[in-house]
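Right, one structure below, let's go through it.
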């Protein structure tokens, strides 16, 4: 039987996911890998999404997916019940009844080539990008990316570049800095990134792109920059920054599991649905 005619099982998806995004490179606090499902279950359709929420679980089950592969782990923090009158318990029950396994590739998918931050750097056209925080076992991979635009441009032009690269969300692209400031050296981290605001590499960049910047850390960075220099800040929706990874992940899985159908969810799982009263600069 040729490879294209082979029947695959959930175990094959787990093995390929481990090859692409090894669990050993995930952060120690993370919870990645298989959440629910049986290795011997047949694998014909896989849906990819950033989040396991009601909408994406419904999409997976209605499409007849055998597995839902998400970036964010559903059970990242401790839970003490999977009763169906709890949000997570209800989702797990629906997945099990629907014959749909659940897997997560989170910080182990952030770090490698083709990972979350790497894809953002590529979409923005950064040259010579490398990790902000190299992994101890392999300095070619790691958290975040630092690289340069081909030529300097204004901060406003860079913000427009970011907006064009990411899917639209209610919060759009928020910027802290002089719109006319020249930027070329770019630091970025897909997902929540205020933990790197004080990192020397970020401090040495012209602009730092990330998500979920909190008021006080962002304000302190701006105030410090006014005295001793530092990056402008660009804050985008968490979901938007990580969603760019999904297409490439689906393609890489499809190459290794021919005959299995992979689909990227088109559902926006950003939690914000509308905004009012925004002040324009």
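Residue numbers (this note's numbering): 15 to 295.
The beta-carbon is built from N, C-alpha and C at its ideal position, and this holds for glycine as well.
With C-beta atoms as the reference, is residue 117 less than 9 Å away from residue 28? yes
Would you kindly report the start and end of the unbroken alpha helix (DSSP H) that includes residue 198? From DSSP, residue 198 is part of no alpha helix (DSSP H) but of the beta strand (DSSP E) over 196-206.
Are three or more beta carbon pairs between the region 209-225 and the region 158-172 nearer than 8 Å? yes
Along the chain, where does the alpha helix (DSSP H) containing residue 241 start, and where does it finish? Residue 241 -> alpha helix (DSSP H) spans 229-242.
Which residues in the same chain have their Cβ closer than 7 Å to the Cβ of residue 17, if we skip the five residues on either side of it in sequence? With a pLDDT of only 47 at residue 17, under 50, the local geometry of the prediction cannot be trusted, and the value read off the model is given with reservation. Around residue 17: 272.
Considering only residues of the region 80-129, which uninterrupted alpha helix (DSSP H) runs meet the minimum length of 4 residues and lie entirely inside it, listed in chain order? 101-111 and 121-124
Determine the DSSP secondary structure at residue 172, reduced to helix, strand or coil. helix
Could you tell me which residues DSSP pairs with residue 63 in its beta bridges? 84
Please list the terminal residues of the continuous beta strand (DSSP E) segment that includes residue 149. 147-149
Looking at the secondary structure, which residues open and close the beta strand (DSSP E) in which residue 224 lies? 221-225
From the DSSP output, in three-state form, read off residue 293 for me. For residue 293, the three-state secondary structure derived from DSSP is coil.
Nonlocal neighbours in the same chain, by C-beta distance under 8 Å from residue 15, ignoring five residues either side: Note that residue 15 scores a pLDDT of 41, beneath 50, so its modelled location is shaky; the value from the coordinates is reported in the next line. Within the same chain, residue 15 has no close Cβ partners at all.
Measuring CB atoms only, is the region 231-248 touching the region 185-195, in the sense that at least three cross pairs come out at less than 8 Å? yes
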